[in-house]
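This report refers to the structure that appears directly beneath it.
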Amino acid sequence: GNSVTQMEGPVTLSEEAFLTINCTYTATGYPSLFWYVQYPGEGLQLLLKATKADDKGSNKGFEATYRKETTSFHLEKGSVQVSDSAVYFCALSPISSGSARQLTFGSGTQLTVLP
Amino acid sequence: DVKVTQSSRYLVKRTGEKVFLECVQDMDHENMFWYRQDPGLGLRLIYFSYDVKMKEKGDIPEGYSVSREKKERFSLILESASTNQTSMYLCASRLPGGGDYGYTFGSGTRLTVV
Numbered sequence: 331g332n333s334v335t336q337m338e339g340p341v342t343l344s345e346e347a348f349l350t351i352n353c354t355y356t357a358t359g360y361p362s363l364f365w366y367v368q369y370p371g372e373g374l375q376l377l378l379k380a381t382k383a384d385d386k387g388s389n390k391g392f393e394a395t396y397r398k399e400t401t402s403f404h405l406e407k408g409s410v411q412v413s414d415s416a417v418y419f420c421a422l423s424p425i426s427s428g429s430a431r432q433l434t435f436g437s438g439t440q441l442t443v444l445p
Numbered sequence: 008d009v010k011v012t013q014s015s016r017y018l019v020k021r022t023g024e025k026v027f028l029e030c031v032q033d034m035d036h037e038n039m040f041w042y043r044q045d046p047g048l049g050l051r052l053i054y055f056s057y058d059v060k061m062k063e064k065g066d067i068p069e070g071y072s073v074s075r076e077k078k079e080r081f082s083l084i085l086e087s088a089s090t091n092q093t094s095m096y097l098c099a100s101r102l103p104g105g106g107d108y109g110y111t112f113g114s115g116t117r118l119t120v121v
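Chains as they are written, first to last, in the numbering used here: chain A, 331 to 445; chain B, 8 to 121.
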C-alpha cells in the first residue's frame, strides 16, 4: 500500500537558520505530493505541491522537489522565521481515482523557531 | 478560495451524550472526509463520502457514524460520547478524480468529553 515517512521531530532552529524536513514515500506509479502546514490550534493548510517527477513546488519561501529516483519530497527553506513554527505534514495522492480518493499523510514534524 | 467551515472550534460534552460535528464546504466538492488528530498518532481517517448519501469507513470508524444528505454538508456523529473520543476533529473536502487535487481543511473542532 501507500505510505509516507517523515523525519522525526521535534525540530528546533534559531531564526534565519536553514530548514530541511525529510519526506520519503512508497506508492504505485507516480503520485502527486503535498506539504501541509498546521499552525497552533488550526486546521491544516496546503503549503505546496508537485504533481510529476522533477516538479518543484514553492510557496512562502519553502520549496520541495519531487525526486522519483529517491522517492523523496524534502521540504526546505533558506531562512526560517519565528512565524514558521508549526507542524508540517507530507502527503501523497495516488495517481488513480476510483476508491483511492484519500490522501496518505506522514506523521507530522513539529518545527519550533527561536528568536 | 474554497472554504470548509466546521461549526464549532471548541466543544465540551458529557459521557454518553450524542454529539454532532458539522462541516460545510462551499465549492461543490464531491469528496468529504473526517479525521481525528491525536498527539503521536497523526491524522487518522474516520469516514469519508464521495457523493450525497454515500459513505465509506476509514481506518477507525468504531463509535462514529456520518450523514451526507446534501452535497455541501458532512456530519460526524458520536452516538454515545466516551472520554477516549476527546480529540481534535478535522473535516476536509476535495475534488474527485485523483492526483492533482489536495484537500481543503476546516479549522478543526477540539472536542472534550468529560
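Where is the CB? At the ideal position from N, CA and C, for every residue including glycine.
**Message:** Buried or exposed for Asp33(B), going by 16 or more other Cβ atoms inside 10 Å?
**Reply:** Answer is exposed; the Cβ neighbour count stays below 16.
**Asked** What are the partner residues of Gly387(A), as DSSP defines its beta bridges?
**Response** Ala394(A)
**Request:** Determine, using beta carbons only, whether Gly70(B) comes closer than 8 Å to chain A.
**Result:** no
**Residues of its chain near Lys64(B), where Cβ-Cβ distance is below 7 Å and the 5 sequence neighbours each way are ignored** = Tyr54
**Asked** Hey, how far is the Cα of Leu349(A) from the Cα of Gly113(B)?
**Response** Each residue's Cα considered, the two are about 27 Å apart.
**Item:** C-beta atoms of Leu433(A) and Tyr355(A) nearer than 8 Å
**Value:** no
**Asked** What do you get for Leu377(A), buried or exposed, if any count of 16 or more other CB atoms within 10 angstroms of its CB means buried?
**Response** buried
**Message:** For Thr381(A), tell me which candidate among Val367(A), Gly331(A), Ser402(A) and Pro445(A) has the shortest Cα-Cα distance.
**Reply:** Ser402(A)
**Prompt:** Under three-state DSSP, which class holds Trp41(B)?
**Reply:** strand
**Meets three-Cβ-pair contact criterion under 8 Å: the region 76-90 of chain B and the region 412-419 of chain A** = no
**Message:** In the DSSP assignment, the beta strand (DSSP E) including Phe27(B) goes from what residue to what residue?
**Reply:** Val26 to Leu28
**Message:** Which residues of the region 44-63 of chain B have a Cβ closer than 7 Å to any Cβ of chain A? Give them in chain order.
**Reply:** Gly49, Leu50, Leu52, Phe55 and Tyr57
**Short CB-CB distance (under 8 Å) between Leu85(B) and chain A** = no
**Request:** Could you spell out where the beta strand (DSSP E) holding Ile351(A) opens and where it closes?
**Result:** Leu349 to Ile351
**Asked** Beta-carbon of Lys379(A) versus every beta-carbon of chain B: anything under 8 Å?
**Response** yes
**Request:** Kindly indicate which residue of Leu374(A), Glu338(A), Thr335(A) and Ala357(A) has the alpha-carbon position closest to the one of Lys398(A).
**Result:** Ala357(A)
**Backbone secondary structure at Val412(A) - three-state DSSP** = helix
**Message:** Let me confirm a value: Asn5(B) is counted as buried when at least 16 other C-beta atoms fall within 10 Å, else exposed. Which label applies?
**Reply:** Limits of chain B in this structure are 8 at one end and 121 at the other, which puts residue 5(B) out of reach.
**Request:** Answer with buried or exposed for Phe27(B), where buried requires no fewer than 16 other C-beta atoms within 10 angstroms of its C-beta.
**Result:** exposed
**Prompt:** Exposed or buried, Ser429(A), counting other C-beta atoms within 10 Å across all chains shown (16 or more means buried)?
**Reply:** Caution is warranted here: a pLDDT of 49 is assigned to Ser429(A), below 50, making its placement in the model unreliable, and the coordinate value is therefore given only provisionally. Flag for Ser429(A) reads exposed.
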